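What follows is a single structure, written as structure tokens, with notes after it.
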Amino acid sequence: MAAAFYSYPDESQTGGFVKGFKIAIRMPYLPAMEPCLDQPNPYDCLAERAGSVVKNEKHTRINLWKTTENTFFFKHYLYFGLSQLRTIGSMPKAKREYLALGFLKHLGIPCVEAVGWGACWNHAGGIQRCF
Numbered sequence: 742m743a744a745a746f747y748s749y750p751d752e753s754q755t756g757g758f759v760k761g762f763k764i765a766i767r768m769p770y771l772p773a774m775e776p777c778l779d780q781p782n783p784y785d786c787l788a789e790r791a792g793s794v795v796k797n798e799k800h801t802r803i804n805l806w807k808t809t810e811n812t813f814f815f816k817h818y819l820y821f822g823l824s825q826l827r828t829i830g831s832m833p834k835a836k837r838e839y840l841a842l843g844f845l846k847h848l849g850i851p852c853v854e855a856v857g858w859g860a861c862w863n864h865a866g867g868i869q870r871c872f
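Converting from the sequence shown to my numbering requires adding 741 to each position, the first position being numbered 1.
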């Protein structure tokens, strides 16, 4: 059986492959993310946003962000050297997780709420990092 993914109809997107990054944030969470999305480089702003570090390894960093209304876990995946070549033409891991959560929600399975995803590509089309 092929993997099934369901996109969220209430998302706002910025960037694109030509710009070197793409970000999709669901509308209910857009106000919490807008200060970064208005920056010249919104991906870097989101990735470097201050928060409590939950996990910090070579390829994965998870931060905890608290706002007045919500608490967010920000999972940031990093790809170095040859691992970027393996990702050419593939869907970013963060986007797969985001869409898989939509599928679980569609099935009625309780899970965390997906907020959004983002990715940065190198000039060859390999993924450098994603959240």
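Don't be surprised by glycine CBs; every beta carbon is placed ideally from N, CA and C. If you're wondering where the values come from, they're calculated on a predicted model, not measured in any experiment.
Just to confirm my understanding: we take residue i, look at its own chain, exclude 5 residues before and 5 after, and list those with CB closer than 7 Å. What are they?
| i | result |
| --- | --- |
| F813 | W806 and V856 |
| T755 | I764, L778 and P783 |
| C852 | L842, L845 and K846 |
Whole angstroms are fine: how far does the CA of residue j sit from the CA of residue i?
| i | j | result |
| --- | --- | --- |
| Q869 | K834 | 11 Å |
| F821 | T828 | 11 Å |
| E789 | F872 | 12 Å |
Below 8 Å on the Cβ atoms is my contact criterion, and I expect residue i with residue j to pass it. Report the Cβ-Cβ distance as a whole number of Å.
| i | j | result |
| --- | --- | --- |
| Y770 | G859 | Not quite, the Cβ-Cβ distance comes to about 13 Å (not below 8 Å), so this is no contact. |
| M768 | L787 | About 16 Å; that fails the 8 Å criterion. |
| L840 | S748 | 6 Å |
Going by other Cβ atoms of all chains shown within 10 Å of its Cβ, with 16 needed for buried, is residue i buried or exposed?
| i | result |
| --- | --- |
| N804 | buried |
| K836 | buried |
Can you give me the Cβ contacts of residue i inside the same chain, cut-off strictly under 6 Å, excluding the 5 residues immediately before and after it?
| i | result |
| --- | --- |
| E752 | A765 and R767 |
| C777 | P783, C786 and L787 |
Can you list, in chain order, the residues of its chain whose CB lies under 8 Å from that of residue i, leaving out five sequence neighbours each side?
| i | result |
| --- | --- |
| G830 | G866 |
| T801 | K816, H817, Y818 and L819 |
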